[in-house]
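See the structure below:
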């Protein structure tokens, strides 16, 4: 932080040195951040002989996609040898409804909490907000029992329910903080014109909400897709999400370690959220920082 | 004759309904969370006071699970690890994030691309991060053997299999993942700093370094606080990264409280003990979060 930088208008040489210093640091950092993904990607394209030769940082001699094919459709996870594909599909089936439902609920509760300042609204908000921060270890024992009572233990449906419920805290936070900046006069005027609660929501608020809907969807998708604890605690065998399956694959001790398959599997599991990040990074950052910025 | 009166009453019921609609809409999600957050906290609290082993029972015995917990070496290792991991994770993430943000703030042409590179680890799961670092750091085929083959034969980096150092490997991977996020927090705050003040300071002859240390960074105090709170609670929740990276080992030398809880509750049929450790985790989080939320929400009401 304390690098010597120049005053504007100071002599050019010092300025140049300062720029070189800044760029060196920034590029070194970029190399460090990219390093792991480079190693994982290049390992996934090598064959085992090349990997055993121990040239971790070298480029693969030739592009070899066998490991990718195996990771996707034939690697053994537990007793099943169908690759990551079924678990990847589990994660898709699990994410879509839990993202959609928790975003919808969050939009409605954020709307109710922000534009209709009824008594207790702030306390309700604070109590809901605390749900963003709890360590989920505190709920897994009761949740395991509850899912059993409901007959949805060890099922994707169970995971959808869990992710929807614990997503509500976050989505409510996003929408509430977004709607707080909408002028109350808008709602008052619409009420004067005879529009009711839901009409205002549908015709006025929702069209204004596209950016925050994107933020909420991306955030929830990233959370649900990457989640591990619930998946590991509440499912086994064929209903596991992709993160749990990946971990089982990596830690399986039954066969010869196929590092290239492991790395390909890791990239397959990471691909959806990475793609979302690359396409819509701006909204991703907003979701991340929303928790920190007061609303 | 009673007809108009009846209608009036009906209207007022509808009116009343309309007036309380916001409350009616918030009620279901709120009650869900009351049950699934606060109800479950109480539920776990009760289990932690019982002798539950394989199945939860509700026969309250007292605090003996907590007594057992605090006497267990495994728990004490996990909690000490949390202190080491938490403080280094917070310290390095904030320092690196802050430095990168300040450097990126110097009118860098490729800022967008660099920002994307620094932040992408935050988009991938801890399991993937752990898998990647586990591979890089494995002594037989990873970076250690690579360096040795390059000719640096005394090069050693076997932390991941070293009882005393394994927890620092977790720090390394976690900082790699989170520092870009802290960078994003600081960068967006730096963009809101009033440019006129900086220009005025420049005119007074203050150096850029002095302006950052004297004016800009102190004005970012709320961001430091937010980053601290977020990272602190993330460190207490840390679970998957350890699972994928070291699986708590060697032995249980790199285990964290979250891993301890899972191990007791799901692998060792010690549900009572697991519940007690979960309560300890919650208490640690609450000690940080409750004052923060209280002051944030209060400040807002008065502002």
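Chains as they are written, first to last, in the UniProt record's numbering: chain P, 1 to 295; chain F, 1 to 303.
Cβ atoms here follow ideal geometry from the backbone N, Cα and C, with glycine treated the same way.
None of the values given here were measured: they were computed from a predicted structure.
Considering only C-alpha positions, which residue in the set the options is nearest to residue i?
i                      : options                    : result
residue 218 of chain P : P:204, P:164, P:273, P:69  : P:273
residue 135 of chain P : F:286, F:131, F:217, F:295 : F:286
residue 172 of chain F : F:196, F:88, F:270, F:26   : F:88
residue 132 of chain F : F:148, F:177, F:20, F:77   : F:177
residue 103 of chain P : P:210, P:55, P:263, P:87   : P:210
residue 109 of chain P : P:197, P:261, P:53         : P:197
residue 113 of chain P : P:184, P:77, P:283, P:207  : P:184
residue 46 of chain F  : F:217, F:264, F:275        : F:275
residue 169 of chain P : F:127, F:34, F:53          : F:34
residue 249 of chain P : P:28, P:57, P:72, P:23     : P:72
residue 279 of chain F : F:40, F:235, F:26, F:27    : F:40
residue 156 of chain P : P:194, P:238, P:186, P:138 : P:238
residue 234 of chain P : F:266, F:149, F:152        : F:266
residue 158 of chain P : P:97, P:129, P:120         : P:97
residue 254 of chain F : F:93, F:129, F:161         : F:161
residue 83 of chain P  : P:284, P:269, P:288        : P:269
residue 113 of chain F : P:27, P:80, P:39, P:139    : P:27
residue 263 of chain P : P:171, P:40, P:88, P:77    : P:40
residue 50 of chain F  : F:66, F:38, F:19           : F:66
residue 54 of chain F  : F:264, F:203, F:165        : F:264
Quick check on residue i - is its C-beta less than 8 Å from some C-beta in chain F?
i                      : result
residue 197 of chain P : yes
residue 347 of chain P : The shown model of chain P, from 1 to 295, leaves out residue 347 of chain P, and the question about it has no answer.
residue 294 of chain P : In this prediction, residue 294 of chain P scores a pLDDT of 42, lower than 50, which makes its location untrustworthy; no coordinate-derived value is stated.
residue 208 of chain P : no
residue 193 of chain P : no
residue 42 of chain P  : no
residue 47 of chain P  : no
residue 105 of chain P : yes
residue 226 of chain P : yes
residue 260 of chain P : no
residue 16 of chain P  : no
residue 2 of chain P   : The predicted position of residue 2 of chain P is uncertain, since its pLDDT is 39 and thus under 50; a value taken from the coordinates is nonetheless stated next. So yes, residue 2 of chain P belongs to the interface.
residue 51 of chain P  : yes
residue 186 of chain P : no
residue 63 of chain P  : no
CB-CB under 6 Å to residue i, same chain, minus the five flanking residues each way: which ones, in chain order?
i                      : result
residue 156 of chain F : none
residue 183 of chain F : 97, 100, 101, 118
residue 290 of chain F : none
residue 249 of chain F : none
residue 201 of chain P : 111
Counting only beta-carbon atoms, is residue i nearer than 8 Å to chain P?
i                      : result
residue 247 of chain F : yes
residue 255 of chain F : no
residue 23 of chain F  : yes
residue 131 of chain F : yes
residue 293 of chain F : yes
residue 240 of chain F : yes
residue 143 of chain F : yes
residue 106 of chain F : yes
residue 297 of chain F : yes
residue 121 of chain F : yes
residue 77 of chain F  : no
residue 29 of chain F  : yes
residue 14 of chain F  : no
residue 338 of chain F : Shown here, chain F extends from 1 to 303; a query on residue 338 of chain F therefore has no answer.
residue 236 of chain F : yes
residue 40 of chain F  : yes
residue 250 of chain F : no
residue 64 of chain F  : no
Is any heavy atom of the ligand PLP found at a distance shorter than 7 Å from the C-beta of residue i?
i                     : result
residue 66 of chain F : Absence of the ligand PLP is noted for the structure shown, with no ligands found whatsoever.
Got a sec? Which residues, its chain only, sit under 7 Å from residue i by beta carbon, not counting five neighbours each side?
i                      : result
residue 161 of chain P : 152
residue 99 of chain P  : 217, 220, 221, 224
residue 259 of chain P : 43, 51
residue 209 of chain F : none
Kindly list the residues whose CB is nearer than 8 Å to the CB of residue i, restricted to its own chain and excluding five residues on each side of it in sequence; keep chain order.
i                      : result
residue 227 of chain P : 163, 241, 243
residue 280 of chain P : 214, 218
- prompt: At which residue ranges does the segment 212-274 of chain F contain complete alpha helix (DSSP H) runs of 4 or more residues, listed in the order of the chain?
  reply: Segments of the alpha helix (DSSP H) lying fully in the segment 212-274 of chain F: 221-237, 240-245, 257-262.
- request: Scan the segment 134-163 of chain P for residues whose Cβ lies nearer than 9 Å to a Cβ of chain F and list them as they occur along the chain.
  value: Of all residues in the segment 134-163 of chain P, 134, 135, 136, 137, 138, 139, 140, 141, 142, 143, 144, 145, 146, 162 have a Cβ within less than 9 Å of some Cβ in chain F.
field: Inside the segment 126-158 of chain P only - alpha helix (DSSP H) runs reaching at least 4 residues
entry: Taking 4 residues as the minimum length, the alpha helix (DSSP H) runs contained wholly in the segment 126-158 of chain P are 137-150, in order along the chain.
- request: Could you pull out every unbroken alpha helix (DSSP H) segment of at least 4 residues lying fully inside the segment 154-229 of chain P, listed in chain order?
  value: For secondary structure counted as the alpha helix (DSSP H) over 4 or more consecutive residues, the segment 154-229 of chain P holds these complete runs in sequence order: 156-179, 184-192, 197-200, 210-226.
message: Tell me which residues of the segment 175-187 of chain F have at least one Cβ-Cβ distance to chain P shorter than 8 Å, keeping chain order.
response: Answer set for the segment 175-187 of chain F: 176, 180, 181, 184, 185.
- prompt: Taking Cβ-Cβ distances below 9 Å as the criterion, which residues of the segment 70-99 of chain P are in contact with chain F?
  reply: Those would be none; no residue qualifies.
Chain-ordered residues of the segment 167-182 of chain P with a beta carbon less than 8 Å from chain F: Cβ contacts with chain F come from 168, 169, 172.
Every unbroken alpha helix (DSSP H) inside the segment 2-81 of chain P [4 residues or more]: Runs of the alpha helix (DSSP H) inside the segment 2-81 of chain P: 12-44, 48-52, 66-73.
- prompt: Which parts of the segment 32-89 of chain F are runs of the alpha helix (DSSP H), unbroken and 4 residues or longer, counting only runs that do not cross its ends?
  reply: Fully enclosed alpha helix (DSSP H) runs of 4 or longer: 40-47, 64-71.
- request: May I ask you to list, following chain order, the residues of the segment 261-282 of chain F that have a beta carbon less than 8 Å from some beta carbon of chain P?
  value: Cβ contacts with chain P come from 261, 262, 265, 266, 271, 274, 275, 277, 278, 279, 281, 282.
query: Relative to chain P, which residues along the segment 144-176 of chain F have a C-beta separation below 8 Å, given in chain order?
result: Across the segment 144-176 of chain F, CB contacts with chain P closer than 8 Å involve 145, 146, 149, 176, in sequence order along the chain.
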